[in-house]
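Visitor: These protein sequence lines map, in sequence, to chains A and B. To convert, note that position 81 of the first sequence is 81 in UniProt numbering; the numbers rise steadily by one, no gaps. To convert, note that position 188 of the second sequence is 188 in UniProt numbering; the numbers rise steadily by one, no gaps. Once you've had a glance at the structure underneath, I'll fire off some questions.
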Amino acid sequence: MNRFSVSLPGLQLKNPIMPASGCFGFGREFAEFYDLSILGAIMIKATTVEPRYGNPTPRVAETPGGMLNAIGLQNPGLKKVMEEELPWLSQFDVPIIANIAGSTVEDYVSVAKEISEAPNVHALELNISCPNVKHGGIAFGTVPDVAKEVTKRVKNVSRVPVYVKLSPNVTDIRLMAKAVEDGGADGITMINTLTGLRLDMKTGKPILANITGGLSGPAIKPIAIRMVYEVSQTVNIPIIGMGGISSAEDALEFIYAGASAVAVGTANLIDPFICPKIITDLEQLLEKLNIDHISDVCGRSWKHGISGYHCP
Amino acid sequence: MKKIGEMKIVSQKEIAKNIFQLILQGKLVSEIERPGQFVHMKVGEGIDPLLRRPISICEIDRENQIMTCIYRTEGKGTTWLSKKQQGEYINVLGPLGNGFPVQMKSGKVALLIGGGIGVPPLYELSKQLRNRDIQVIHVLGFQTKSAVFLTKEFQRLGVTYIVTDDGSYGEKGFVTDVLKKQNFDFDRLYACGPTPMLKALEQKFPEKEVYLSLEERMSCGIGACFACIRPTKDREDKKGYRKICSDGPVFQAGEVIL
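Written out as structure tokens, the structure reads:
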């Protein structure tokens, strides 16, 4: 397991694989299939101050190699997450990364302050990239100054390191990355979904009640890899990469691009065992490729001739 | 308990237009607890289609670990599934959902109403009710003659009324027309089919014990993704919603807004 351990701000990961926020709930459904302690970390579903019902249905539409979703940050609210979900998760030996969201900067600050007090929350993931809510979400994630400001405000109150989840729905993601780094972010998670639209053949109308949705799944992987490649060369904080990962090869490709660890999203919805599977396969893949430690190959795609270099 | 595994195709045939009967064998069958539960099948070899397809269970043979599923080909995924043959394997996740309650005193009367591709799960339900000495009445609606299936099987279990939208088989009309005409005396109603049909039934029998099986676009099928949500009718309800895949697909009438 040693070639697998990754150390990131606030996080001692036994392996670089974790489920991505929004695709794993609060872990309860997956605990019926395997012991969650085997995971590197868990990114829990976005939590807001008040409970949210989310968008009307239909909330998902399939696309070739992907899916659109417009759940709309449905969650039981901060109180319930603090009193029920996080204590329940504490039975597992796994660090929690709490994804937080809100409609206003004050919302982010309130959630950050309280949730970062939970003993098993080792880091926050600032969700400024949800494309499916009318207020907040992506509105904070497409203007560099706004992203910087919300990062700064959350950093001020959080007791644990803050990672910022970036949206790919921008002209130059490097500017966003730089802005949140300037705001004091300890790390970056990327990418969130790409805004998409699907229409019904019979009615000609959008399939999703929300009209647009966020595209995820294997279809977005090359975009995510390109962005991780760009951002990892722009900032000096670590990246947790995500976007269409469904195999050990995919995970390693993200590490090559410049991610220090990776998150698996949509693939959990198809195969509940995908995370344990990738963990097992990745170990074999490293063995096969004669890679001594996963961090040795972080950013391999652009770090010519530097041996033994570790990502930030 | 939910399982994931390869199930072997015992047989597959088209029993009506675009309606396929798929018989599968595997350990997962032992885990099925109630009629009305469903399975989530991987369709296609690669990433297109990406998501599993929820398919209802029509009949269970626990002893031989065999289950029968009946589905309609709609798009790429189910068309792929319909081309799989005897001896091949399908990756199945299940059983999922809660299913229909079957506890009922013997001698009581159950009215089972199915519409189109909502008919199959009622078959195992009817069998299990019959085993408990409950009298069953079936009312089944289909679009047209070529889409009619399983009628003989239902007739063997109890009185069965068939209607088609165009009158090409059985009586012309909707299932609700049969109810109007027959005015059945029953203790409990079970239904599975299109939402307008379920709505009509809920409105027609506000005083009765009614169980409805719902359909919605799903992705995970296990309650993790929050794609298939319905709001509760009770505004004071603690959660305010139900997940169709894991809290349902069967709900008592009045629990969720249809």
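A virtual CB, placed ideally from N, CA and C, is assigned to each residue, including glycine.
(1) Just the C-alpha distance for B/Ile9 and B/Asp48, rounded to the nearest angstrom, thanks.
(2) Spell out whether any CB of chain A is found under 9 Å from the CB atom of B/Pro231.
(3) For A/Thr189 and chain B, any beta-carbon pair shorter than 9 Å?
(4) Could you give the DSSP three-state label for A/Ala101: helix, strand or coil?
(5) 9 Å is my cut-off, CB to CB: does A/Cys130 come that close to chain B?
(6) Assuming A/Ile245 and A/Val262 make a contact with CB atoms under 8 Å, what is their CB distance in whole Å?
(7) Among A/Met67, A/Ala46, A/Gly183, whose alpha-carbon lies nearest the alpha-carbon of A/Val81?
(8) Looking at chain A, is there any beta carbon in it that lies within less than 9 Å of the beta carbon of B/Glu216?
(9) Sort B/Glu124, B/Lys172, B/Gln128, B/Lys84 by Cα distance to B/Lys105 and report the nearest one.
(10) Quick one: which residues of the stretch 209–220 of chain A get their C-beta closer than 7 Å to a C-beta of chain B? List them in chain order.
(11) In angstroms, rounded to a whole number, what distance separates the CA positions of B/Gln103 and A/Cys23?
(12) What are the boundary residues of the beta strand (DSSP E) that A/Ile223 is part of?
(13) Does any C-beta atom of chain B lie closer than 9 Å to the C-beta of A/Leu197?
(14) Span of the beta strand (DSSP E) holding B/Cys192?
(15) Please name the residue or residues paired with A/Ser5 in a DSSP beta bridge.
(16) By a C-beta neighbour count over all protein chains shown, 10 Å radius and 16 as the cutoff for buried, is B/Arg242 buried or exposed?
(17) Sort A/Val49, A/Met43, A/Asn69, A/Thr48 by Cα distance to A/Asn55 and report the nearest one.
(18) Going straight from the alpha carbon of A/His293 to that of A/Ser167, what length do you get?
(19) At 9 Å on the CB atoms, spell out the chain B contacts of A/Glu71, in chain order.
(20) In the structure shown, what three-state DSSP assignment does B/Pro95 receive?
(21) Under the rule that 16 or more other beta-carbon atoms within 10 Å means buried, what is A/Ile17, buried or exposed?
(22) Rounded to whole angstroms, what is the Cα-Cα separation between A/Lys277 and A/Gly66?
(23) Which two residues bound the contiguous alpha helix (DSSP H) that contains A/Ala267?
(24) CA-CA distance, B/Cys69 and B/Met41?
(25) Can you give me the C-alpha to C-alpha distance between B/Phe20 and B/Gln86, rounded to a whole angstrom?
(26) Is it true that the CB of A/Ile279 sits closer than 9 Å to the CB of A/Ile38?
(27) Would A/Asp271 pass as an interface residue toward chain B - the criterion being a Cβ-Cβ separation below 9 Å?
(28) Could you tell me the distance, in whole angstroms, from the CA atom of B/Asn251 to the CA atom of B/Gly26?
(29) According to DSSP, simplified to helix, strand and coil, what is B/Pro196?
(30) What's the C-alpha gap between B/Ser246 and A/Trp302?
(31) Between B/Lys83, B/Ile90, B/Ser56, which lies nearest to B/Gly99 when the distance is taken from Cα to Cα?
(32) What in chain A is Cβ-close to B/Tyr241, meaning under 7 Å?
(33) Taking A/Glu85 and A/Ile44 to be in contact with their CB atoms under 8 Å, please state how far apart those CB atoms are, rounded to whole angstroms.
(34) From B/Leu22 to B/Leu201, what distance separates their C-alpha atoms?
(35) Is there a C-beta anywhere in chain B that falls below 9 Å from the one on A/Gly66?
(36) Assign A/Asp250 to one of three DSSP states: helix, strand, or coil.
Guide: Result, derived from the coordinates:
(1) Each residue's Cα considered, the two are about 22 Å apart.
(2) At a cut-off of 9 Å between C-beta atoms, B/Pro231 counts as an interface residue with respect to chain A.
(3) Taking Cβ atoms only, chain B never reaches closer than 9 Å to A/Thr189, which makes this a no.
(4) It is coil, neither helix nor strand.
(5) No, A/Cys130 does not count as interfacial toward chain B.
(6) Taking 8 Å as the upper bound for CB-CB distance, A/Ile245 and A/Val262 are in contact here, some 6 Å apart.
(7) Ranking the options by Cα distance to A/Val81, first place goes to A/Ala46.
(8) Output row for B/Glu216: interface = yes.
(9) Of B/Glu124, B/Lys172, B/Gln128, B/Lys84, the residue nearest in Cα terms is B/Gln128.
(10) Hits within the stretch, in order: Gly217, Pro218.
(11) A direct Cα-to-Cα measurement between B/Gln103 and A/Cys23 gives close to 36 Å.
(12) Counted as a single uninterrupted DSSP element, the stretch harbouring A/Ile223 is not any beta strand (DSSP E) but the alpha helix (DSSP H) occupying residues 221–232.
(13) Taking 9 Å as the threshold, the shortest C-beta distance from A/Leu197 to chain B does not fall below it.
(14) 188–192 is the span of the beta strand (DSSP E), which, as asked, contains B/Cys192.
(15) Answer by DSSP bridge pairing: none, since A/Ser5 is not bridged.
(16) It counts as buried.
(17) Closest by alpha carbon: A/Asn69.
(18) Between the C-alpha atoms of A/His293 and A/Ser167 there is a straight-line separation of about 30 Å.
(19) A quick correction: the sequence has Ile, not Glu, at residue 71 of chain A. Taking a Cβ-Cβ threshold of 9 Å, the residues of chain B close to A/Ile71 are Cys225, Phe226, Ala227, Ile229, in chain order.
(20) Reduced to three states, the DSSP call for B/Pro95 is strand.
(21) With 16 or more other Cβ atoms within 10 Å, it is buried.
(22) Take the alpha-carbon of A/Lys277 and the one of A/Gly66: they are about 20 Å apart.
(23) Where A/Ala267 is concerned, the enclosing alpha helix (DSSP H) stretches over 267–270.
(24) Near 11 Å, if we compare the C-alpha coordinates of B/Met41 and B/Cys69.
(25) The C-alpha of B/Phe20 lies about 13 Å from the C-alpha of B/Gln86.
(26) It is a contact, given that the beta carbons lie within the stated cut-off.
(27) The C-beta of A/Asp271 comes closer than 9 Å to at least one C-beta of chain B.
(28) Inspection of the sequence shows that residue 251 of chain B is occupied by Phe rather than by Asn. C-alpha separation (whole angstroms): 28 Å.
(29) In the three-state reduction of the DSSP assignment, B/Pro196 falls in the helix class, which pools H, G and I.
(30) Each residue's alpha carbon lies about 45 Å from the other.
(31) Residue B/Ser56 is the option with its Cα nearest to B/Gly99.
(32) Simply Tyr53.
(33) Confirmed, Cβ separation roughly 7 Å.
(34) Taking the straight line joining both Cα atoms gives about 30 Å.
(35) It does; some Cβ of chain B falls within 9 Å.
(36) Of the three classes helix, strand and coil, the one that applies to A/Asp250 here is helix, per DSSP.
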